[in-house]
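K.L.:
Keeping their order, the protein sequence lines are chains A and B.
Its first residue numbered 1, the first sequence is counted upward by one per residue in our numbering.
Its first residue numbered 1001, the second sequence is counted upward by one per residue in our numbering.
Number of protein chains: 2
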Amino acid sequence: MTSATAPTAPVASAAPAALGASGDRVPESTSTRTVDRALDLLAQVCAAPSISLSECARRADLPTSTALRLLRTLERSQFVTRAADGNYTAGTRLIHLGVTALSRESVVPLAAPALHRLVGTSGETAYVSIPGPAGTALYAGMVEGTHPVRHAGWVGRTIPVDGTAVGAALSGRLRGEQYVAVRSAVEPEVTAIAAPIRGHAGIVGALSLVGPTHRMDDSTIPLYGAAIALEAAGLTRALGGATPAEV
Amino acid sequence: MTSATAPTAPVASAAPAALGASGDRVPESTSTRTVDRALDLLAQVCAAPSISLSECARRADLPTSTALRLLRTLERSQFVTRAADGNYTAGTRLIHLGVTALSRESVVPLAAPALHRLVGTSGETAYVSIPGPAGTALYAGMVEGTHPVRHAGWVGRTIPVDGTAVGAALSGRLRGEQYVAVRSAVEPEVTAIAAPIRGHAGIVGALSLVGPTHRMDDSTIPLYGAAIALEAAGLTRALGGATPAEV
DNA sequence: TGTCAGTATGTCACCGGACGAAAACGTACT
DNA sequence: AGTACGTTTTCGTCCGGTGACATACTGACA
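1. Report the three-state DSSP secondary structure of residue 1080 (chain B) (helix, strand or coil).
2. Mind listing which residues of the stretch 76 to 101 of chain A have their C-beta closer than 8 angstroms to chain B's C-betas, in chain order?
3. What is the rounded straight-line gap between the Cα of residue 1021 (chain B) and the Cα of residue 40 (chain A)?
4. For residue 1052 (chain B), which residues in chain A fall below 7 angstroms Cβ to Cβ?
5. Measuring CA to CA, which of B:1230, B:1070, B:1131 and B:1101 is closest to residue 1161 (chain B)?
6. Using CA atoms only, rank isn't needed, just tell me which of B:1206, B:1116 and B:1064 is closest to residue 1192 (chain B).
7. Would you kindly check if the distance between the Cβ of residue 200 (chain A) and the Cβ of residue 240 (chain A) is under 8 angstroms?
8. Straight-line CA distance for residue 1184 (chain B) to residue 99 (chain A)?
9. Quick test of the definition: if touching needs 3 or more C-beta pairs under 8 angstroms, does the stretch 107 to 119 of chain A touch the stretch 1161 to 1171 of chain B?
10. Compare the C-alpha of residue 122 (chain A) against each of A:235, A:212, A:62 and A:60 and name the closest.
11. Please tell me whether residue 88 (chain A) and residue 210 (chain A) are closer than 8 angstroms, where the distance is taken between their beta carbons.
12. By DSSP's criteria, residue 129 (chain A) is part of a beta bridge. Which residues make up the other side?
13. Within 10 Å of its beta-carbon, does residue 1018 (chain B) have 16 or more other beta-carbons around it, so buried, or fewer, so exposed?
14. Does DSSP put residue 1234 (chain B) in a helix, a strand or coil?
15. Who are the neighbours of residue 46 (chain A) on chain B, taking C-beta pairs under 7 angstroms?
16. Indicate whether at least one CB of chain A lies closer than 8 angstroms to the CB of residue 1146 (chain B).
17. Among A:179, A:96, A:38 and A:80, which has the Cα closest to the Cα of residue 1157 (chain B)?
18. Return yes when the Cβ of residue 221 (chain A) is within less than 8 angstroms of the Cβ of residue 208 (chain A), no when it is not.
19. Within the continuous alpha helix (DSSP H) that includes residue 95 (chain A), where are the two ends?
20. At 8 angstroms on the CB atoms, spell out the chain B contacts of residue 138 (chain A), in chain order.
21. Any idea which residues DSSP pairs residue 89 (chain A) with across the strands?
22. Okay, do the stretch 69 to 86 of chain A and the stretch 1069 to 1084 of chain B touch, 3+ Cβ pairs below 8 angstroms being the bar?
23. Counting C-beta neighbours from all protein chains within 10 Å, is the total for residue 1064 (chain B) 16 or more, i.e. buried, or is it exposed?
24. Please return the same chain residues whose Cβ sits closer than 7 angstroms to the Cβ of residue 231 (chain A), not counting the five positions on each side in sequence.
25. Along the beta strand (DSSP E) that carries residue 158 (chain A), what are the first and last residues, could you check?
26. Is the Cβ of residue 1205 (chain B) closer than 8 angstroms to any Cβ of chain A?
27. Residues of chain A with a CB under 7 angstroms from the CB of residue 1070 (chain B): which are they?
28. What residue does the beta strand (DSSP E) around residue 1195 (chain B) start on, and which one ends it?
29. Give the range of the beta strand (DSSP E) segment to which residue 1107 (chain B) is assigned.
30. What number of angstroms, rounded off, separates the C-alpha of residue 1103 (chain B) from the C-alpha of residue 242 (chain A)?
31. For the alpha helix (DSSP H) that contains residue 169 (chain A), what are its first and last residues?
32. Under the three-state reduction of DSSP, which class applies to residue 1176 (chain B): helix, strand or coil?
33. Which same chain residues, not among the five before or five after residue 155 (chain A), have their C-beta less than 8 angstroms away from its C-beta?
34. Cβ atoms of residue 77 (chain A) and residue 1036 (chain B): under 8 angstroms apart, would you say?
35. Does DSSP put residue 1186 (chain B) in a helix, in a strand, or in coil?
36. Candidates A:196, A:135 and A:47: which alpha carbon is nearest residue 233 (chain A)'s?
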């Protein structure tokens, strides 16, 4: 028990650094309102499949003429695109920057073979997740399950770290186990099992399987959990991280 | 010959719309300098694995104090992250927005099985590409080839549409063929074969195989090209686009 | 037909937000 | 110690960003 407590504590202390954002410590007085507003509008455009000027202005709580001017700026530099019907969607330049930044998160492409193996083992949908903005977890990549009824795509979605399996894995809150399983955290009748992937500086991502609760029960969870933990350990070794046995 | 020319012309007229950006027609006088500057700094941060304040300011041609203020704004809203060594990298919020926007480009996740099949057929690295910013093509997803010596990852990279196979495919410039192959366009001794994927409104993406020229020769190119065209036609049907036979 | 509500776009007087030169600070090196 | 360079802070200044208002357009309804 004592030895089990000691290994957990250093992992937990490393995890907040992985989830913490440098943005918290930036003096607010030096912020630039105009840019804040434009970025908020950009986020609003991305949060919807397609959005009108007035709805965007409403959600960002800006006068319409202000929103139009800022959205025009975003449009000119191709961070948003405006369709013929007047609605805005994310632009090619934002996608480019996002894909470039994502491909630099080396855990995401590295996890692809492991995701395929997990799907092969379980038939459930497999995900790799990374820390998201404002202390969330971001589903960054997936391989779909093979069952006729399977989990639908969550790529691009953020979830809270509290109360979710992926969140717990990213935070290192495994309670002495190698994986964590949570039922009905994000959606009813959906169970997720997750394990963390560690790099030099601590936890950098998580592998997870997500599927309907009726297939993820007391007989399958330990089996799938062990497979996820095994794959996560392999990725951890590949990234030069410390596996639990070495912590 | 005449019938072969007629089908090409309507396709070519549809393709510029796919590559054009609505940003071209936005009045420049309504742009917001401050936001333009911040977005340029964001792009500079994404263009490098990691970058210092002074280098970022240099590349954006801004005074250091101005760059610091704008980067602090980007940092506060988690579009960039500043490490302990002072260098900036892309932040979680940018990744989130980028992944969300990318996952809304339905061609990218839809292409995953096709990419795997192409790798299975050829052993070469397979990509799905979409229109990028400023008339470029963006490599948006990949499945690595199986050869010991294979093409390294280009995901997140943009290439010119002129003179490249993917660019030609995205532009619809196939010269009556179903695929296009180009040698040494982006890098020496690398050959790419590509075919367009069409949606309702025209070309939305391209499938491609990329590999060393010594393995992509006159005997393999027609075989791989036909496989790519077949997969692209399947995706086109899935997206409700018009296949060449229907144009 | 007219009326109304909502959306999108343009205008311009105004003021405060963004600017950047200069100073101060921190670090590494000789 | 001095030097060089990158980073951060300061603050007077001005011009860039603002938003209330006007206008045009569209769709729904009586």
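Note that beta-carbon positions come from the ideal geometry of N, C-alpha and C, so glycine has one too.
A quick note: this is a predicted structure, and the numbers were derived from the prediction, not measured.
P.N.:
Quick look at the numbers:
1. Numbered from 1 along the second sequence, position 80 holds the residue referred to as residue 1080 (chain B). Strand, per DSSP.
2. 76, 77, 78, 79, 81, 82, 83, 89, 90, 91, 92, 93, 94, 95, 96, 97, 98, 99, 100 and 101
3. Along the second sequence, one-based indexing puts residue 1021 (chain B) at 21. Along the first sequence, one-based indexing puts residue 40 (chain A) at 40. Low local confidence applies: a pLDDT of 47 at residue 1021 (chain B) is under 50, so the model's placement there is unreliable, with the coordinate-based value given in what follows. Rounded to the nearest angstrom, the two C-alpha atoms are 22 angstroms apart.
4. Looking up residue 1052 (chain B) in the second sequence gives position 52. Neighbours of residue 1052 (chain B) on chain A: none; closest Cβ ~15 angstroms, over 7 angstroms.
5. Position 161 of the second sequence, counting from 1, holds the residue named residue 1161 (chain B). Comparing Cα-Cα distances from residue 1161 (chain B) to each of B:1230, B:1070, B:1131 and B:1101, the minimum goes to B:1131.
6. For the purposes of this step, residue 1192 (chain B) is taken as the residue at position 192 of the second sequence. Cα-wise, what sits closest to residue 1192 (chain B) is B:1206.
7. Stepping through the first sequence from its first residue, residue 240 (chain A) is reached at position 240. Stepping through the first sequence from its first residue, residue 200 (chain A) is reached at position 200. Yes.
8. As a first step, residue 1184 (chain B) is located in the second sequence; it is residue number 184 there, counting from the start. As a first step, residue 99 (chain A) is located in the first sequence; it is residue number 99 there, counting from the start. Those two C-alpha atoms are separated by around 24 angstroms.
9. no
10. In the first sequence, residue 122 (chain A) corresponds to position 122, counting from 1. Residue 122 (chain A) has its Cα closest to that of A:212, out of A:235, A:212, A:62 and A:60.
11. Position 88 of the first sequence, counted from the start, is the residue given in the question as residue 88 (chain A). Position 210 of the first sequence, counted from the start, is the residue given in the question as residue 210 (chain A). No, the Cβ-Cβ distance between residue 88 (chain A) and residue 210 (chain A) is not below 8 angstroms.
12. Indexing the first sequence from 1 puts residue 129 (chain A) at position 129. Paired residues: A:139 and A:206.
13. The residue labelled residue 1018 (chain B) in the question sits at position 18 within the second sequence. Caution is warranted here: a pLDDT of 38 is assigned to residue 1018 (chain B), below 50, making its placement in the model unreliable, and the coordinate value is therefore given only provisionally. Buried, since its Cβ has 16 or more Cβ neighbours within 10 Å.
14. For the purposes of this step, residue 1234 (chain B) is identified with residue 234 of the second sequence, where counting begins at 1. Helix.
15. Numbered from 1 along the first sequence, position 46 holds the residue referred to as residue 46 (chain A). 1097, 1100 and 1101, listed in chain order.
16. Within the second sequence, numbered from 1, the residue matching residue 1146 (chain B) stands at position 146. By this cut-off, residue 1146 (chain B) is not an interface position.
17. In the second sequence, counting from the first residue as 1, residue 1157 (chain B) sits at position 157. Cα-wise, what sits closest to residue 1157 (chain B) is A:96.
18. Within the first sequence, the letter at position 208 stands for residue 208 (chain A). Within the first sequence, the letter at position 221 stands for residue 221 (chain A). Result no, Cβ atoms of residue 208 (chain A) and residue 221 (chain A) do not sit closer than 8 angstroms.
19. On the first sequence, position 95 is the one that residue 95 (chain A) refers to. Start and end: 92 to 104.
20. Here residue 138 (chain A) refers to the residue found at position 138 of the first sequence. Going along chain B in sequence order, the residues near residue 138 (chain A) (Cβ under 8 angstroms) are 1092, 1095, 1096 and 1099.
21. The residue you call residue 89 (chain A) lines up with position 89 of the first sequence. According to DSSP, residue 89 (chain A) bridges with A:81.
22. no
23. Taking the first residue of the second sequence as position 1, residue 1064 (chain B) is located at position 64. Exposed, by the Cβ-count rule.
24. Your numbering for residue 231 (chain A) matches position 231 in the first sequence. Answer for residue 231 (chain A): 114, 117, 118 and 207, listed in chain order.
25. As a first step, residue 158 (chain A) is located in the first sequence; it is residue number 158 there, counting from the start. Counting along the chain, the beta strand (DSSP E) containing residue 158 (chain A) begins and ends at 158 to 160.
26. Indexing the second sequence from 1 puts residue 1205 (chain B) at position 205. With 8 angstroms as the cut-off, residue 1205 (chain B) does not count as an interface residue toward chain A.
27. By 1-based counting over the second sequence, the position of residue 1070 (chain B) is 70. Under the 7 angstroms cutoff, chain A gives 32 and 35.
28. As a first step, residue 1195 (chain B) is located in the second sequence; it is residue number 195 there, counting from the start. From DSSP, the beta strand (DSSP E) with residue 1195 (chain B) extends over 1190 to 1199.
29. As a first step, residue 1107 (chain B) must be located in the second sequence, where it is residue number 107. Looking at the DSSP string, residue 1107 (chain B) is not in any beta strand (DSSP E); the run it does join, the alpha helix (DSSP H), is 1107 to 1110.
30. The sequence position of residue 1103 (chain B) within the second sequence is 103, counting from 1. The sequence position of residue 242 (chain A) within the first sequence is 242, counting from 1. For residue 1103 (chain B) and residue 242 (chain A), the distance between alpha carbons rounds to 32 angstroms.
31. On the first sequence, position 169 is the one that residue 169 (chain A) refers to. Element bounds for residue 169 (chain A): 165 to 171.
32. Counting from 1 along the second sequence, the entry for residue 1176 (chain B) is found at position 176. In the structure shown, residue 1176 (chain B) sits in coil (DSSP, three-state: anything other than H, G, I, E or B).
33. The count along the first sequence starts at 1 and reaches residue 155 (chain A) at position 155. For residue 155 (chain A), where only same-chain residues beyond five positions count, the Cβ hits under 8 angstroms are 127, 139, 140, 141 and 142.
34. What you label residue 1036 (chain B) is simply residue 36 of the second sequence in a count that begins at 1. What you label residue 77 (chain A) is simply residue 77 of the first sequence in a count that begins at 1. Their beta carbons are under 8 angstroms apart, which means residue 1036 (chain B) touches residue 77 (chain A) by this criterion.
35. Residue mapping note: residue 1186 (chain B) aligns to position 186 of the second sequence, counting from 1. Coil at residue 1186 (chain B), not helix or strand.
36. For the purposes of this step, residue 233 (chain A) is taken as the residue at position 233 of the first sequence. The shortest C-alpha separation from residue 233 (chain A) is found at A:196.
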